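Report on the following structure.
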Amino acid sequence: MAYRFDFASLLDYAPVLVHGVATTVGLTLVGAVLGVGIGIGGAAARSSANAPLRVAVGAYVELIRNTPFLVQLFFIFFGLPSLGVRLPEWQAALLAMVINLGAYATEIIRAGIDATPKGQVEAGASLGMSGPQIFRYIILGPAMGKIWPALTSQIIIVMLGSSVCSQIAVEELSFAANFIQSRNFRPFEVYFVATALYLALAVGLRWLLARLGDRLFARAARA
Amino acid sequence: MLNFTFWDILSNLLLAARWTVLLSAIAFVCGGVAGLLVLLARVAPLRPLQGAMKIYIELFQGTPLLMQLFIVFFVLPLVGVETSPWTAAAVSLTLFTSAYLAEIWRGCVDAVPKGQWEASASLALSYGEQMRYVVLPQALRIAVPPTVGFSVQVVKGTAVTSIIGFVEITKAGTMITNATFQPFLVYGLVGLLYFALCYPLSLSAKALERKLNVAR
Chain A
1 MAYRFDFASL
11 LDYAPVLVHG
21 VATTVGLTLV
31 GAVLGVGIGI
41 GGAAARSSAN
51 APLRVAVGAY
61 VELIRNTPFL
71 VQLFFIFFGL
81 PSLGVRLPEW
91 QAALLAMVIN
101 LGAYATEIIR
111 AGIDATPKGQ
121 VEAGASLGMS
131 GPQIFRYIIL
141 GPAMGKIWPA
151 LTSQIIIVML
161 GSSVCSQIAV
171 EELSFAANFI
181 QSRNFRPFEV
191 YFVATALYLA
201 LAVGLRWLLA
211 RLGDRLFARA
221 ARA
Chain B
1 MLNFTFWDIL
11 SNLLLAARWT
21 VLLSAIAFVC
31 GGVAGLLVLL
41 ARVAPLRPLQ
51 GAMKIYIELF
61 QGTPLLMQLF
71 IVFFVLPLVG
81 VETSPWTAAA
91 VSLTLFTSAY
101 LAEIWRGCVD
111 AVPKGQWEAS
121 ASLALSYGEQ
131 MRYVVLPQAL
141 RIAVPPTVGF
151 SVQVVKGTAV
161 TSIIGFVEIT
171 KAGTMITNAT
181 FQPFLVYGLV
191 GLLYFALCYP
201 LSLSAKALER
211 KLNVAR
């Protein structure tokens, strides 16, 4: 008995898939902006002169990078309510993504900062710039330009990782796939299409971020 | 009603950690062997083969592990293979690992100077001999730190298999939570267990990298 594929039965559920894709994209975009923001702050903290701050940020980075995203998500969604912090599903998912990306971004951006020639910092100081000014106007731009490809990959990994958010009933793409296959009993077709959509999202996001990187850091890269 | 003490929770999680470790080891070893084959095809002087392997790697790096897991879990039965969460988890993690390791190692092979290829070709070594005696020994040296670093991703990847019902640390944590209603404690411990597994790997990857840089 050969299995007969039936992709047409998915058409009825197109709106569910569209909603799922929109949720995944929304979570990823907001998560990426906030996560990279935390990454910049974390990287600045890790290269600051304040030792306790450096150690604290280092501990945060190592703790997040050495535990699975799924466990971080469960801890935030199921564990935090016992401390009185009760977040709705999508907020818990977003928080987990931001915290997760923030740790990786900290490490990636720090590598870019470490690669800044010392002479540039000294040149800035000799012009009477303050520490924050040097960071903002001299270090950050070229550093971000250098590590942008790595940061792009990490953002895509976070987007793909967000598929496990279906486990706390966030209605993103995997949740849509699970929902549809529980209705039409066509798991292979549904997961195949969902996987293809993820692939398309990953390719599209990579393209978009590459363009964005060209725009933002073209001057820094030339310098 | 049964009462769970702290030690009950911890010992149950530790028992489940066996399966996380075993699954990681299987995925890493089988994925390493498969990854080597993918690598050999990826850098072979044969265009169609290179392209095919590029697509293979792209597919696994561009889609979520969870979806790969679901597809393996639901496709193997279609072709008549009885799947348990065990086999589905082992197969999909092996494929996932092979794609990532092949890509990591390709970078290492690319880092071997081109002159080495040309010199060995001028000595009339075949592709297999070039790889075996000239390129791989040099690539291997720089491949060790990132490979150890990637093992952390494999261990963390096993957490996702809890979703198809494979009982490892995360799944055990969910089950214990359902019995004890102490999610904060249980998931905290689950996280710490993963940390205990992964952090030494991360540290050794970093140490290996430092050693390599000094040796240069």
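In the order they appear, the protein sequences are chains A and B. Under UniProt numbering, the residue at position 194 of the first sequence is numbered 194, and the numbers go up by one with no gaps. Under UniProt numbering, the residue at position 85 of the second sequence is numbered 85, and the numbers go up by one with no gaps. Every residue, glycine too, gets a C-beta built ideally from N, C-alpha and C. Computed from a predicted model, the values in this text were never measured in an experiment.
Inset, instruction - For the alpha helix (DSSP H) holding Ala-111/B, just list the boundary residues, first then last. - result: Segment: none, Ala-111/B is in no alpha helix (DSSP H) and carries neither H nor E.
Inset, instruction - Could you tell me the boundaries of the alpha helix (DSSP H) in which Arg-42/B lies? - result: 6-42
Inset, instruction - For the alpha helix (DSSP H) containing Leu-76/B, list its first residue and its last residue. - result: 65-78
Legend entry - Euclidean distance between Cα positions of residue 267/B and Val-190/B: Residue 267/B cannot be examined here, being either before or after the span of chain B that is shown, 1 to 216.
Legend entry - DSSP-derived helix/strand/coil call for Tyr-56/B: helix
Legend entry - Neighbour list for Val-164/A in chain B, Cβ cutoff strictly below 9 Å: Pro-64, Leu-65, Leu-66, Ala-159, Val-160, Ile-163
Legend entry - Of the listed residues Gly-35/A, Leu-70/A, Ala-14/A, Met-97/A, nearest to Gly-188/B (C-alpha basis): Leu-70/A
Inset, instruction - Would you please verify whether the beta carbon of Lys-156/B is less than 7 Å from any beta carbon of chain A? - result: yes
Inset, instruction - Using a Cβ cut-off of 7 Å (strictly closer), state whether Ala-223/A contacts chain B. - result: Confidence is the limiting factor: at Ala-223/A the pLDDT is only 49, short of 50, which leaves the residue's position unreliable, though a coordinate-based value still follows. By this cut-off, Ala-223/A is not an interface position.
Legend entry - Assigned exposure category for Thr-94/B - 16 Cβ within 10 Å defines buried: buried
Legend entry - Chain-ordered chain B contacts of Val-71/A [CB-CB under 7 Å]: Ala-159, Thr-170, Tyr-187, Val-190, Gly-191, Tyr-194
Inset, instruction - May I ask you to list, following chain order, the residues of the stretch 179-206 of chain A that have a beta carbon less than 7 Å from some beta carbon of chain B? - result: Pro-187, Phe-188, Tyr-191, Phe-192, Ala-194, Thr-195, Tyr-198, Leu-199, Ala-202, Val-203
Inset, instruction - Return the CA-CA distance between Ile-57/B and Val-33/B, expressed in angstroms with no decimal places. - result: 15 Å
Legend entry - Residues within the stretch 46-70 of chain A neighbouring chain B, beta-carbon criterion of under 8 Å: Glu-62, Leu-63, Arg-65, Asn-66, Thr-67, Pro-68, Phe-69, Leu-70
Legend entry - Ser-48/A - DSSP class collapsed to helix/strand/coil: coil
Legend entry - Buried or exposed (CB count within 10 angstroms, at least 16 for buried), Ala-14/A: exposed
Legend entry - Cut-off 6 Å between Cβ atoms - residues of its own chain near Ala-139/B, not counting five sequence neighbours on either side: Cys-108, Val-109, Val-112
Legend entry - At least 3 beta-carbon pairs within less than 8 Å: the stretch 161-168 of chain A vs the stretch 20-39 of chain A: yes
Inset, instruction - Go through its chain and collect everything with a Cβ distance to Asn-12/B's Cβ below 8 Å, but skip five positions before and after it. - result: Ala-172, Ile-176
Inset, instruction - With 7 Å as the limit, tell me which residues of the stretch 67-84 of chain B have their beta carbon closer than that to any beta carbon of chain A; keep them in chain order. - result: Met-67, Phe-70, Ile-71, Phe-74, Val-75, Leu-78
Inset, instruction - Report the option in Gly-213/A, Gly-161/A, Gly-112/A whose CA atom is closest to the CA atom of residue 239/A. - result: Because chain A is modelled from 1 through 223, residue 239/A falls outside the range shown and cannot be assessed.
Inset, instruction - Verify whether the separation of the beta carbon atoms of Gln-116/B and Ser-92/B is less than 7 Å. - result: no
Inset, instruction - Taking only beta-carbon positions, decide if Tyr-104/A is within less than 7 Å of chain B. - result: no
Legend entry - Listed by chain order, chain B residues near Ser-82/A by CB distance under 7 Å: Pro-183, Phe-184
Legend entry - Asn-66/A - DSSP class collapsed to helix/strand/coil: coil
Inset, instruction - Leaving aside the five residues before and after Met-131/B along the sequence, list all residues of the same chain whose C-beta is less than 7 Å from its C-beta, in chain order. - result: Leu-40
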